[in-house]
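*Asks:* Structure in structure tokens, see below.
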Amino acid sequence: MTWDRVAIVEHQLDEYLTLAEPVVARLGPRAHLRDGGALTAIRAMEVFEDQLASRQLDVAARELKKTDRSFYTIGSAGHENNAIVGARLRVGDPAFLHYRSGGFVMARARQLAGSSPVMDTLLGVAASSDDPIAQGRHKVWGSRAMWIPPQTSTIASHLPKAMGLAFSLSRAKRLGVASGLPADAIVACSFGDASANHSTALSAINTARYAVRLGQQMPLLLVCEDNGTGISVPTPEGWIAETFGNQPHLRYLDADGELDDVWDAVGTAIDHVRSTRQPAFLHLRTVRLWGHAGSDAEPTYRSLAEIQDVEGRDPLLRNARRLVQTGAATPTELRELVAETRQRVMAVANEAASRPRLQTTEEVTAPLAPYHADRVAERARTPLATTEERSASFGPTLPEAATAPTARTMAGCLNAALADELLRRPELLLFGQDIARKGGVYNVTNGLHKRFGAARVFDTLLDETSILGIAQGAAHIGLLPVPEIQYLAYVHNALDQLRGEAASLQFFSSGQFRNPMVVRVAGLAYQKGFGGHFHNDNSVGALRDIPGLVLAVPARGDDAARMLRGAVAMAAEDGRVVVFLEPIALYHERDLHTVGDGGWLTDYPAPPDVLLPGEVGVYGQADADLLLISYANGLRLSLQAARRLADEHDLRVRVIDLRWLNPLPFEAIRAHATEVETVVVIDECRATGGGVADALVADLAERRIGRRLGSVRAVDSFVPLGPATAAVLVGVDQIVAASMRAVGRRRETSRTSA
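So the mapping is simple: this note's numbering equals the position in the sequence shown, first residue as 1, plus 59.
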């Protein structure tokens, strides 16, 4: 018994075309395959050609794998009817595709003169640096010219941004922001039946329906390619239809049957979405041939009879029969087409496998984190709103002239900075849970909804995945999203939207696609009178782990405004994804050392004053005995500790505010650390991997900078409620004690006891 299922399936098609008899009546090129149908003979042959090309790409990938010249064998075999979707959509309809989309891409490329989809695909399979989309970093379906942003293989993770783009089309038009797309463009997104169960998929589909319920446009075509299996786990018969067939605000259409039946069903779905600007769920029936991938041992979970049953439902075989039986083609024509396609694709495969591959770290990481400091600085400074425009928005007293304490807190400065960015950047959107009419849980966005309107400042449903999906989709078409995630702990509900999707887009598209955004997050600990670990989360390790992501963490109001401008400029100029972490406990803090001293109030820095990555805050004496390095709440605690160390122990202390936690400002830290003998890192995040202490201490130790090194870190614990927080968080006493240990003197060796 042979398990070369590729050869068996190919023989099955060859045998049919050898034995089949042509019909007497031949269809003309523009004749329809059936009365009342929309598919003509010429279009049917084009689709079949594209399906054949897709099939042979799968065969070629497996052939190359035998000699270690291919690195990706997840195929589209059995899913070739998605070529009909590719043929019926337009190049101006953005398409977010799953990994079995060969037919779709071949058909869409037919609409674009001069395209070479077979070579492009095989260059990706061979991980060649000549691959025009990913340059060998991953095998993706993607093309800038064809409006196919590349997607990762993460299950269903692309649905939220497809939904977000569909949601944002009408908003961009309303704001006069050029999207680069036709006025009637729709968004397509494909996924499998197993993926349809994923929380990420359900999140996006729910939000699409929710938007329609609110009367908003959502031109989204959801294409569920149902092959009945998730790797080895079967989908219950009828599950997809039962689950999505009767959802309010979601049109369900079944695409099954002959080639022309599927053609008509796909057309109906597309027409519905385009004309109504509402979503449709297209249930495209497929099969999966040759296992999940080339490495999948399918006989371990499917019997031979089951495998043969699937092979008997090969869409290429069925479509060939339909073409012959309707007179759209003769068996001889199809035999010749099959032979020519096999030969052509394999020749291209051998050529692609000989092309160069990425070699160096610099080549691999080139598109990961683009940063052009001079251009970013210029983008932060221009264009500026005029004095008249600012006065019309802020009133007669501009925020830099404000004297009220509430205007000089971090919350007040951030509110003014957001208003200034909204004034100067008409493409900027501000959205999230409770940020509009309520003005945010901590009043940071107060009044912005009223001043700038619901098109630019708006509430979302309670779903972090969808919030970040909207941000990604909006960013694809020229908008500049500034979404808010209400608490740091809530980021983890949707972390893959940052890690796997937003932060990876430039990497996997070689910079051809980008999704700039600044994600505002309220977080960290030390809230007074309100707590628990979900509202006092003190770990940024999961964010710092994301390649290319920028993490900004201000400690003071003036810095927050300057850093926000820098973050927005990085997004606008270099397409960067920035997480802007705002310490909740410092939003409304006014004092530093004693109640009423006003030591934490700052004047609002007028535009265009800006801070960029690498710029640290420096406090204290130039000629110091001890360097304390911290950020956020830790900066305030360190300044309090520095006063005690000076008053009680005659220590001259310099304090550094990191400001930027990813990338860390290593150069600035090294420069300051070389000027002192003792360095102590104060990290308010959890000790094991939660913050930055490990990285900073290791860097200084490896470079032998500083004779004495120490650190103070929070306990590896969730933050409890009430006064018990002091047992797990960093405090001033700990900083003082750790500093004395590091400098090698006991507490008693103070000025008082001398």
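For each residue, glycine too, the CB sits at the ideal point set by N, CA and C.
On the three-pair Cβ rule with 8 Å, is the segment 644-653 touching the segment 441-457?
*Replies:* The segment 644-653 is not in contact with the segment 441-457.
*Asks:* For the putative contact between R347 and T288, defined by C-beta atoms under 8 Å, what is the C-beta separation to the nearest angstrom?
*Replies:* Contact holds; Cβ gap of about 6 Å.
*Asks:* Assuming D518 contacts D493 under a Cβ cut-off of 8 Å, what Cβ separation, rounded to an integer in Å, is found between them?
*Replies:* Right, the Cβ-Cβ distance comes to about 6 Å (below 8 Å), so this counts as a contact.
*Asks:* Kindly identify the DSSP beta-bridge partner or partners of F250.
*Replies:* Beta-bridge pairing links F250 to C283.
*Asks:* Helix, strand or coil for D323 per DSSP?
*Replies:* If DSSP states are grouped into helix, strand and coil, D323 belongs with the helices.
*Asks:* Return the chain-ordered list of same chain residues with a C-beta closer than 8 Å to the C-beta of A356, the five sequence neighbours on each side being excluded.
*Replies:* G350.
*Asks:* How many whole angstroms separate the CB atoms of G801 and G769, which I take to be in contact at a CB cut-off of 8 Å?
*Replies:* According to the sequence shown, residue 801 is Ala rather than Gly. A801 to G769, Cβ: 4 Å. Contact.
*Asks:* Here's the rule I'm using: 16 or more other beta-carbon atoms within 10 Å means buried, otherwise exposed. How should V82 be labelled?
*Replies:* Flag for V82 reads exposed.
*Asks:* Check V771 in the structure and name its three-state DSSP category.
*Replies:* Strand at V771.
*Asks:* Return helix, strand or coil for V15, following the three-state DSSP convention.
*Replies:* Residue coverage of the chain in this structure runs from 60 to 813, which leaves residue 15 outside it and unanswerable.
*Asks:* Quick one: what's got a C-beta closer than 7 Å to L171's C-beta in the same chain, skipping five residues either side?
*Replies:* Same-chain partners within the cutoff: V150, A204 and M205.
*Asks:* Since L670 and G582 are thought to touch, with beta carbons under 8 Å apart, how far apart are those beta carbons, to the nearest angstrom?
*Replies:* Their Cβ separation, rounded to whole angstroms, is 19 Å, which puts L670 and G582 out of contact at 8 Å.
*Asks:* Whole angstroms are fine: how far does the CA of L686 sit from the CA of R810?
*Replies:* With a pLDDT of 39 at R810, under the threshold of 50, the modelled position of that residue is not reliable, and the figure given next carries that caveat. Whole-angstrom Cα-Cα distance: 20 Å.
*Asks:* Would you please state the rounded distance, in angstroms, between the beta carbons of D479 and P666? I believe it to be under 8 Å.
*Replies:* Indeed, because the Cβ distance is near 5 Å, the residues count as touching under 8 Å.
*Asks:* If you reduce the DSSP assignment to three classes, tell me which class Y678 lands in.
*Replies:* Residue state, collapsed to three classes: strand.
*Asks:* DSSP three-state call for H731: helix, strand or coil?
*Replies:* Helix, per DSSP.
*Asks:* Using the Cβ count rule (16 or more neighbours within 10 Å means buried), how would you classify P176?
*Replies:* Counting Cβ neighbours within 10 Å, P176 comes out buried, since at least 16 surround it.
*Asks:* Straight-line CA distance for L396 to Q115?
*Replies:* For L396 and Q115, the distance between alpha carbons rounds to 12 Å.
*Asks:* Which two residues bound the contiguous alpha helix (DSSP H) that contains R816?
*Replies:* A question about residue 816 goes unanswered here, because the residues of the chain that appear run from 60 up to 813.
*Asks:* Pull up the distance between the alpha-carbon of L816 and that of S238, whole angstroms please.
*Replies:* Nothing in the structure corresponds to residue 816, since the chain is present only between 60 and 813.
*Asks:* What is the DSSP secondary structure of A143, reduced to helix, strand or coil?
*Replies:* Strictly speaking, residue 143 in this sequence is Ile, with Ala absent from that position. Residue state, collapsed to three classes: helix.
*Asks:* State yes or no: is the C-beta of F567 within less than 7 Å of the C-beta of A231?
*Replies:* Going by C-beta atoms, F567 is not nearer than 7 Å to A231.
*Asks:* V106 lies in the alpha helix (DSSP H); which residues open and close that run?
*Replies:* Looking at the DSSP string, the run of the alpha helix (DSSP H) that includes V106 is A100 to K124.
*Asks:* Using CA atoms only, rank isn't needed, just tell me which of T345, A463, K125 and V423 is closest to R159.
*Replies:* When each option's Cα is compared against that of R159, the closest is T345.
*Asks:* Enumerate, from N- to C-terminal direction, the unbroken beta strand (DSSP E) stretches of 3 or more residues contained entirely within the segment 554-623.
*Replies:* Segments of the beta strand (DSSP E) lying fully in the segment 554-623: 576-582 and 609-611.
*Asks:* Is it true that the CB of G223 sits closer than 7 Å to the CB of I688?
*Replies:* Against a cut-off of 7 Å, the Cβ pair of G223 and I688 comes out as no contact.
*Asks:* Rounding to the nearest angstrom, what Cα-Cα distance links D243 and G658 in this structure?
*Replies:* For D243 and G658, the distance between alpha carbons rounds to 55 Å.
*Asks:* Just to confirm, is the Cβ distance from E743 to A773 under 7 Å?
*Replies:* Yes. Within cutoff.
*Asks:* Along the chain, where does the alpha helix (DSSP H) containing E480 start, and where does it finish?
*Replies:* Looking at the DSSP string, the run of the alpha helix (DSSP H) that includes E480 is M469 to R483.
*Asks:* Kindly indicate which residue of N552, G506, A700 and Q793 has the alpha-carbon position closest to the one of R873.
*Replies:* Residue 873 is absent from the structure shown; the chain starts at 60 and stops at 813.
*Asks:* Can you list, in chain order, the stretches of the alpha helix (DSSP H) that have 4 or more residues and sit fully within the segment 198-274?
*Replies:* Counting whole runs of 4 or more residues, the segment 198-274 contains the alpha helix (DSSP H) stretches 218-234 and 258-272.
*Asks:* Let's see if you can read the secondary structure: which residues bound the alpha helix (DSSP H) around V369?
*Replies:* Run containing V369: L363 to G371, per the alpha helix (DSSP H) assignment.
*Asks:* Candidates I715, A732 and L76: which alpha carbon is nearest A388's?
*Replies:* The option with the nearest alpha carbon to A388 is L76.
*Asks:* Alpha carbon to alpha carbon, how far is V735 from G748?
*Replies:* Whole-angstrom Cα-Cα distance: 27 Å.
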